[in-house]
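A.B. asks:
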Amino acid sequence: MKNLSKHELFSLRYFIVFYLLITGVFVYAGMTGWKILDTTPSEKHSNAYGTSHYYHK
Amino acid sequence: MAFNFTQTCASCGAMLNFRLGDSAAMICPKCRSFVHRSVSVASVPKAAPVPEDMSVIRIGTTGTLEGKAFEIIGRIRYNYRRSFRNKWLMSFADGSSRYLMEGLGVYAVMELENVNFSSSKVAQFKPKVEAEFPGDKILYVEELEKVLEIHFDGELMSVSHETPDFLTIYFTNNDLQCALMQIYSRTENEMFTGRLIEFEKFNFKNLRISGDQNKIYQGSLPAPLKLTCTRCSAEFQLFTHDQAKVCACPQCHAYFEYKKKTATFSEQQKRPEDVADPVLPVGSQGKLRDTFYIVTGYAVKKDAKYNYHWVEYTLWNPVFGYAYLAEYNGHWNYLYQVDYFPRVVLKKDFVYTQERLFRVYNVYKAKTLYTEGEFSFDLYDADGTSYQEYISPPYMLTRELTHDELGWYLGEYIEPSEIKEAFDVKTEFPSKVGIGSSQPLRLSFNPKTLNLVTFIMIAFVTLIQIIFVYSARNETIFQQRLSSVPDSIGQLKPVVSPTFTLQGGKSNLEFAMYSPVDNNWYEAGVELVDESNGATVEFSKAIEFYSGYDDGPWTEGQKNEEVILSSIPAGNYHFVLYPSVGSGFPPLDLILKRDVPVWSNYFMTIAALILLPLIQRWRLNRFERSRWMESDFSPYE
Chain A
224 MKNLSKHELF SLRYFIVFYL LITGVFVYAG MTGWKILDTT PSEKHSNAYG TSHYYHK
Chain B
1221 MAFNFTQTCA SCGAMLNFRL GDSAAMICPK CRSFVHRSVS VASVPKAAPV PEDMSVIRIG
1281 TTGTLEGKAF EIIGRIRYNY RRSFRNKWLM SFADGSSRYL MEGLGVYAVM ELENVNFSSS
1341 KVAQFKPKVE AEFPGDKILY VEELEKVLEI HFDGELMSVS HETPDFLTIY FTNNDLQCAL
1401 MQIYSRTENE MFTGRLIEFE KFNFKNLRIS GDQNKIYQGS LPAPLKLTCT RCSAEFQLFT
1461 HDQAKVCACP QCHAYFEYKK KTATFSEQQK RPEDVADPVL PVGSQGKLRD TFYIVTGYAV
1521 KKDAKYNYHW VEYTLWNPVF GYAYLAEYNG HWNYLYQVDY FPRVVLKKDF VYTQERLFRV
1581 YNVYKAKTLY TEGEFSFDLY DADGTSYQEY ISPPYMLTRE LTHDELGWYL GEYIEPSEIK
1641 EAFDVKTEFP SKVGIGSSQP LRLSFNPKTL NLVTFIMIAF VTLIQIIFVY SARNETIFQQ
1701 RLSSVPDSIG QLKPVVSPTF TLQGGKSNLE FAMYSPVDNN WYEAGVELVD ESNGATVEFS
1761 KAIEFYSGYD DGPWTEGQKN EEVILSSIPA GNYHFVLYPS VGSGFPPLDL ILKRDVPVWS
1821 NYFMTIAALI LLPLIQRWRL NRFERSRWME SDFSPYE
């Protein structure tokens, strides 16, 4: 750490925040059963399978 | 053991108290007579006053070094063409003595050692040449300088070499070991060896400064010396007194040699038309990186080969010596001379020091165009000095080499705003143009360190995921084969489940579905109903499976699907299933599980962690390419 420049120490703070944010979200999601970027409720049959579905019908 | 020997000054009769058993002489503190111990002479020569070099140490200064108390009792001051050095005599409580070498912010403790080099070896000594000392120590020649003047004060160990005009060779290495060789003749020399020690480690007391961290002139350090320009009669100040060897009049820009309180005209400078006023006027004071400085010099220099110029501000502090602020194209570096020699590794384009690898960026010879203020050596005389600049942003390492001196300067990129704040400057600084040679990429970090941190974070997240997987309850809430039953118009009837209870806090709920479709599809529209408030969560999922034979057998789709609903609170629920199918009436096997491990969260987190070093690598690559466009040593060509 003592060899880090002032600039690097400044950057390090942001990276630590970034890493803590990511892992924090991951741990929170795991604890509460939250599926990150959950799109299930809006998922529609026509969007998901429309093309192949009607093609094969 | 303390020693005391008293002798009367033959000139003024003052009682002189010798502190060391083997000292040879003393300068009488009252009349400055040169008194040889145990020698009685009718008339004694007077020692010249020691020039005011603004050293913070004085006779009577005390301290402790590695637990041993000492007192400064004597001084020999050597004046060189480019600098000066004080050899202070340290008397320790146990009767021993050593020398404290001090000058321009460098402090080293040395003692006389019997080291002999052959005259042919001595003749080879020049900057960078290595020399092997006893104990397998390798040191490198840093500078060769001729002593121009010697001054004495206090108690003296040896007075056999009172006359100047002899050569000194200074050696040092990366382990802060150093040596000073004084060559008096072809057959006679003295070698002092020791090591460089930080100022704070001496625990000095009774210095010439009072310890005020926000003042240059304090304690018994004299105020700046006032001089009058012999060309235009303007008054100006000399901030470092006899440290200065040259100075320039701020009004008419005449350039003077300075010696013994007299400025002798040397040449008439003319400020280049394309050079703006200095943004840090000579005499400005401020605290930069925890050190209080005064700006003592301003120099405009140019590359001897290419037609571009840069400016250098000289900063001075009585304890730490000189530092520099160099500005080119609006980019600033804060530099100071280092006491060690960087090792040259890999190949000639790299040096390694301070756990960093520096790459050569520029090689040039500098020429001074214009100066203001004062300098400890003649800048115009130094024209032709060759420089090599190595970079490891935000650091820069500059090697300065002349025929008799080698110096290394460590620089760090510094934002103009920090300088403005330090010196309380309101003037606009030059705008930045392009990318500075040591400019760091904003919000960047050493790629290797970043990769290591990312790897550690991935390992940590993987460990957490393993814990999540093993601690998941995987509790089956509902499991049943649901038949497809048509109503009177041939549509499939909705299926309403019995009430089931979800326990615990918020957790996920997985719908695992299987339907034995073949060249067919089954779409399940599901509505999960919270019976306590009627709130619903809806989703639809299609299962489809097709197979056939064209050029060979093929299949598409699958007969099972899973949907995970996020963060479903505990409570009583039921679901309504709205089925629709392609043809026929295939059944649906449905299993509801509470608290299942979610792998998508894990993979998304890993992707996010990997994304940062990838983005950084891309940014850094673009930035470095732009930086090295200015260099003749670009690794991108």
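Same order as they appear, the protein sequences are chains A and B.
Residue 246 in the working numbering sits at position 23 of the first sequence; the count goes up by one each step and never skips.
Residue 1738 in the working numbering sits at position 518 of the second sequence; the count goes up by one each step and never skips.
We put the CB at the ideal spot given by N, CA and C, even for glycine.
Using a Cβ-Cβ cutoff of 8 angstroms, what residues of the region 1618-1646 of chain B are near chain A? List them in chain order.
C.D. replies: E1632, Y1633
A.B. asks: Does any residue of chain B bring its CB to less than 7 angstroms from the CB of I259 (chain A)?
C.D. replies: yes
A.B. asks: Quick one: what's P1809 (chain B) bridged to in DSSP?
C.D. replies: A small correction: the amino acid at residue 1809 (chain B) is Asp; Pro does not occupy that position in the sequence shown. In DSSP, D1809 (chain B) forms a bridge with B:R1701, B:Y1734.
A.B. asks: Which bits of chain A does K1726 (chain B) rub up against, with CB to CB less than 7 angstroms?
C.D. replies: T255, G256
A.B. asks: With 16 other CB atoms within 10 Å as the buried threshold, where does H230 (chain A) fall?
C.D. replies: buried
A.B. asks: For Y251 (chain A) and chain B, any beta-carbon pair shorter than 7 angstroms?
C.D. replies: no
A.B. asks: Listed from N- to C-terminal order along the chain, which residues in the region 1664-1696 of chain B have their beta-carbon within a distance smaller than 8 angstroms of any beta-carbon of chain A?
C.D. replies: S1664, F1665, N1666, L1670, V1673, M1677, F1680, V1681, I1684, Q1685, F1688
A.B. asks: Buried or exposed for A1642 (chain B), going by 16 or more other Cβ atoms inside 10 Å?
C.D. replies: Under this definition A1642 (chain B) is a buried residue.
A.B. asks: Could you tell me whether the Cβ atoms of N1739 (chain B) and Y1766 (chain B) are closer together than 7 angstroms?
C.D. replies: yes
A.B. asks: In chain A, which residues lie less than 7 angstroms from N1821 (chain B) when you measure between Cβ atoms?
C.D. replies: Neighbours of N1821 (chain B) in chain A, taken as residues whose beta carbon is under 7 angstroms from its own, are F249, A252, G253, K258, I259 in chain order.
A.B. asks: Pull up the distance between the alpha-carbon of G1541 (chain B) and that of T1511 (chain B), whole angstroms please.
C.D. replies: 10 angstroms
A.B. asks: Given a cut-off of 7 angstroms, decide if V1515 (chain B) and V1502 (chain B) are closer than it, judged by their beta-carbon atoms.
C.D. replies: yes
A.B. asks: Can you list the residues of chain A that A1828 (chain B) reaches, using a CB-CB cut of under 8 angstroms?
C.D. replies: I245
A.B. asks: Are any of the Cβ atoms in chain C nearer than 7 angstroms to that of V1466 (chain B)?
C.D. replies: Included in the structure are the protein chains A and B, with no chain C among them.
A.B. asks: Provide the residue span of the beta strand (DSSP E) that contains K1521 (chain B), from first to last.
C.D. replies: 1511-1523
A.B. asks: Could you tell me whether the Cβ of E1844 (chain B) comes closer than 7 angstroms to any Cβ of chain A?
C.D. replies: no
A.B. asks: In whole angstroms, what is the alpha-carbon distance linking K1446 (chain B) and S1275 (chain B)?
C.D. replies: 19 angstroms
A.B. asks: From N1821 (chain B) to I1687 (chain B), what does the alpha carbon distance come to, in whole angstroms?
C.D. replies: 14 angstroms
A.B. asks: Going by DSSP, what residues sit across from P1773 (chain B) in a beta bridge?
C.D. replies: P1773 (chain B) is bridged by DSSP to B:Y1769.
A.B. asks: Mind listing the chain A neighbours of L1832 (chain B)? Cutoff is C-beta to C-beta under 7 angstroms, in chain order.
C.D. replies: F241
A.B. asks: What do you get for S1253 (chain B), buried or exposed, if any count of 16 or more other CB atoms within 10 angstroms of its CB means buried?
C.D. replies: buried
A.B. asks: Could you have a look at E1747 (chain B) and say whether DSSP puts it in helix, strand or coil?
C.D. replies: strand
A.B. asks: Residues in the same chain with beta-carbon distance under 7 angstroms from V1264 (chain B), minus the five sequence neighbours each way, listed in chain order, please.
C.D. replies: Only A1230, S1231, S1253, F1254, V1255 meet the Cβ criterion.
A.B. asks: Touching or not, the region 1610-1618 of chain B and the region 1472-1480 of chain B, by the rule of three or more beta carbon pairs under 8 angstroms?
C.D. replies: no
A.B. asks: Going by C-alpha distance, which of B:N1409, B:G1506, B:W1552 is nearest S1651 (chain B)?
C.D. replies: B:W1552
A.B. asks: Using the rule of at least 16 other Cβ atoms within 10 Å of the residue's Cβ for burial, across every protein chain shown, is Q1471 (chain B) buried or exposed?
C.D. replies: Exposed, by the Cβ-count rule.
A.B. asks: Tell me whether Y1822 (chain B) sits in a helix, a strand or coil according to DSSP, three-state version.
C.D. replies: helix
A.B. asks: Closest to G1754 (chain B) by C-alpha separation, out of B:N1780, B:F1795, B:W1774, would be which residue?
C.D. replies: A check of alpha carbon separations from G1754 (chain B) across B:N1780, B:F1795, B:W1774 identifies B:F1795 as the nearest.
A.B. asks: Along chain A, in chain order, which residues have C-beta atoms closer than 9 angstroms to that of V1900 (chain B)?
C.D. replies: Nothing can be reported for residue 1900 (chain B): it is not among the residues displayed for chain B, which extend from 1221 to 1857.
A.B. asks: Within the region 1358-1446 of chain B, note down every full beta strand (DSSP E) run reaching 3 residues or more, in order along the chain.
C.D. replies: 1369-1376, 1387-1392, 1397-1403, 1409-1416
A.B. asks: By the criterion of Cβ-Cβ separation under 7 angstroms, what are the contact partners of P1660 (chain B) in chain A?
C.D. replies: H230
A.B. asks: Measuring alpha carbon to alpha carbon, tell me which residue in B:V1737, B:M1677, B:Q1227 is nearest T1775 (chain B).
C.D. replies: Comparing Cα positions, the closest option is B:V1737.
A.B. asks: Roughly how many whole angstroms lie between the Cα atoms of V1270 (chain B) and I1370 (chain B)?
C.D. replies: 9 angstroms
A.B. asks: List the residues of chain A whose Cβ lies closer than 8 angstroms to the Cβ of Y1866 (chain B), in chain order.
C.D. replies: Nothing about residue 1866 (chain B) can be read from this structure; chain B reaches only from 1221 to 1857.
A.B. asks: Can you say whether N1336 (chain B) is buried or exposed, counting buried as having 16 or more other CB atoms within 10 angstroms of its CB?
C.D. replies: exposed
A.B. asks: Report the partner residues of I1247 (chain B) according to the DSSP bridge assignment.
C.D. replies: B:F1254
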